[in-house]
Amino acid sequence: GIQVEQSPPDLILQEGANSTLRCNFSDSVNNLQWFHQNPWGQLINLFYIPSGTKQNGRLSATTVATERYSLLYISSSQTTDSGVYFCAVADFGNEKLTFGTGTRLTIIP
Amino acid sequence: KAGVTQTPRYLIKTRGQQVTLSCSPISGHRSVSWYQQTPGQGLQFLFEYFSETQRNKGNFPGRFSGRQFSNSRSEMNVSTLELGDSALYLCASSLPGAEQYFGPGTRLTVT
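Residue numbers (the working numbering), protein chains in the order written: chain A, 1 to 109; chain B, 1001 to 1111.
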């Protein structure tokens, strides 16, 4: 099956800093999603981005499908951005999402 | 449009018991998937249902089962609970091949 690797595993930043989270995957994908897991465990959708670039406020994401990686950018970090960020992928004809192990982001005031 | 709902939100069971969790998808979504999240194993796929048929199954023992009803609501059942089944169980729904949306989860504790 598809392998998904996220880096870094942990990231500690000062409020206002920018961050880049990376997701590498081992095969062609039909679906790539970025999630933020809130303190109560719910996965909040950030981006659905099997290819290309998208932006939503301070967050943006880029997926280079031919090179099998995706990047999540967070600019001007706020303490509310703290939490675990997951990348998940699914291959063609398959709804099964394979998750990475996540990046734990901590924003210090 | 209402999101994915899961009931109950919290559950405490004893080893050997069985448990049934419920998931109601977003209206119009016919695909429902279940995931287990534990600190040691991360987020793992359990199974996926579409139009009342199980289309895909993860690598879990037969104690884990599920079903989907004609209104797309889904249930998963775990029989003969073990301590290691303590986890957050997440349900997701989607249109075919599209973005998946997750419910708030059911946190199961087995004592």
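By construction, the Cβ of each residue, glycine as well, lies at the ideal position given by its N, Cα and C atoms. Since the structure is predicted, the reported quantities are computational estimates derived from the model, not experimental observations.
Kindly list, in the order they appear in chain B, the residues whose Cβ is closer than 7 Å to that of residue i.
| i | result |
| --- | --- |
| A:Asn-111 | The displayed coordinates of chain A run from 1 to 109. Any statement about residue 111 of chain A would go beyond what the structure contains. |
For a contact meaning CB atoms closer than 8 Å, what does residue i contact in chain B?
| i | result |
| --- | --- |
| A:Lys-96 | Ser-1033, Phe-1045, Glu-1048, Asn-1056, Gly-1058 |
| A:Gln-33 | Glu-1099, Gln-1100 |
| A:Phe-86 | Leu-1043 |
| A:Phe-25 | Here the premise fails: no neighbours, minimum Cβ distance about 15 Å. |
Name, please, each residue of chain A whose Cβ falls closer than 7 Å to the Cβ of residue i.
| i | result |
| --- | --- |
| B:Tyr-1101 | Asn-45 |
| B:Ser-1094 | Glu-95 |
What residues from chain A crowd round residue i, counting only those whose CB sits closer than 8 Å?
| i | result |
| --- | --- |
| B:Pro-1104 | Trp-40, Gly-41, Gln-42 |
| B:Arg-1107 | Gly-41 |
Taking the alpha carbon of residue i as the point to measure from, which residue in the options has its own alpha carbon closest?
| i | options | result |
| --- | --- | --- |
| B:Thr-1053 | B:Thr-1038, B:Arg-1063, B:Asn-1071 | B:Asn-1071 |
| B:Pro-1039 | B:Val-1019, B:Arg-1055, B:Ser-1086 | B:Ser-1086 |
| A:Gln-33 | B:Lys-1001, B:Phe-1102, B:Trp-1034 | B:Phe-1102 |
| A:Thr-98 | A:Ile-108, A:Phe-92, A:Cys-87, A:Thr-106 | A:Cys-87 |
| A:Pro-9 | A:Arg-104, A:Pro-109, A:Ile-108 | A:Arg-104 |
| B:Val-1032 | B:Phe-1064, B:Pro-1096, B:Phe-1060, B:Glu-1082 | B:Pro-1096 |
| B:Thr-1064 | B:Gly-1042, B:Gln-1037, B:Gln-1041, B:Thr-1020 | Position check: residue 1064 of chain B holds Phe in this sequence, whereas Thr was assumed. Measuring from the Cα of B:Phe-1064, the nearest candidate turns out to be B:Thr-1020. |
| B:Leu-1046 | B:Glu-1099, B:Lys-1013, B:Gly-1105, B:Met-1076 | B:Met-1076 |
| B:Val-1110 | B:Leu-1083, B:Gly-1058, B:Tyr-1089 | B:Leu-1083 |
| A:Thr-101 | B:Gln-1037, B:Gly-1028, B:Ser-1024 | B:Gln-1037 |
Helix, strand or coil: which one does DSSP assign to residue i?
| i | result |
| --- | --- |
| B:Ala-1092 | strand |
| B:Thr-1020 | strand |
| A:Thr-66 | helix |
| A:Ser-101 | Reading off the sequence shown, one finds Thr at residue 101 of chain A, where the question assumed Ser. Here A:Thr-101 sits in coil by DSSP. |
| B:Thr-1111 | coil |
| A:Thr-80 | helix |
| B:Thr-1106 | strand |
| A:Ser-75 | coil |
| A:Gly-41 | coil |
| A:Gln-55 | strand |
Taking C-beta pairs closer than 9 Å, name the residues in chain A that residue i reaches, listed in chain order.
| i | result |
| --- | --- |
| B:Leu-1011 | The contacting residues do not exist; B:Leu-1011 stays about 14 Å from chain A at best. |
| B:Leu-1090 | Gly-41, Gln-42, Leu-43 |
Just to make sure I have the definition right: I need the residues of chain B whose C-beta is within less than 9 Å of the C-beta of residue i. Which are they?
| i | result |
| --- | --- |
| A:Phe-48 | According to the sequence provided, residue 48 of chain A is Tyr. The question's Phe does not apply to it. Per Cβ cutoff of 9 Å: Ala-1098, Glu-1099, Gln-1100. |
Point to revise | Within the stretch 5 to 37 of chain A, ranges of the beta strand (DSSP E) (whole runs, at least 3 residues) | key: 10 to 14, 19 to 25, 31 to 37
Review point. Counting Cβ pairs, one atom from each stretch, are 3 or more of them under 8 Å apart for the stretch 57 to 73 of chain A and the stretch 14 to 30 of chain A?
Key: Three or more Cβ pairs closer than 8 Å define a contact, and the stretch 57 to 73 of chain A meets that threshold against the stretch 14 to 30 of chain A.
Review point. If you scan the stretch 1019 to 1098 of chain B from start to end, which runs of the beta strand (DSSP E) of 3 or more residues do you find wholly inside it?
Key: As far as the stretch 1019 to 1098 of chain B is concerned, its whole beta strand (DSSP E) runs of at least 3 residues are 1019 to 1024, 1031 to 1038, 1042 to 1050, 1053 to 1057, 1064 to 1068, 1074 to 1078, 1087 to 1094.
**Study point:** At least three beta-carbon pairs within less than 8 Å, the stretch 53 to 63 of chain A to the stretch 4 to 16 of chain A
**Key:** no
Point to revise | Touching by the beta-carbon criterion (3+ pairs, under 8 Å), the stretch 71 to 87 of chain A and the stretch 1066 to 1080 of chain B | key: At 8 Å Cβ cutoff, the stretches do not touch.
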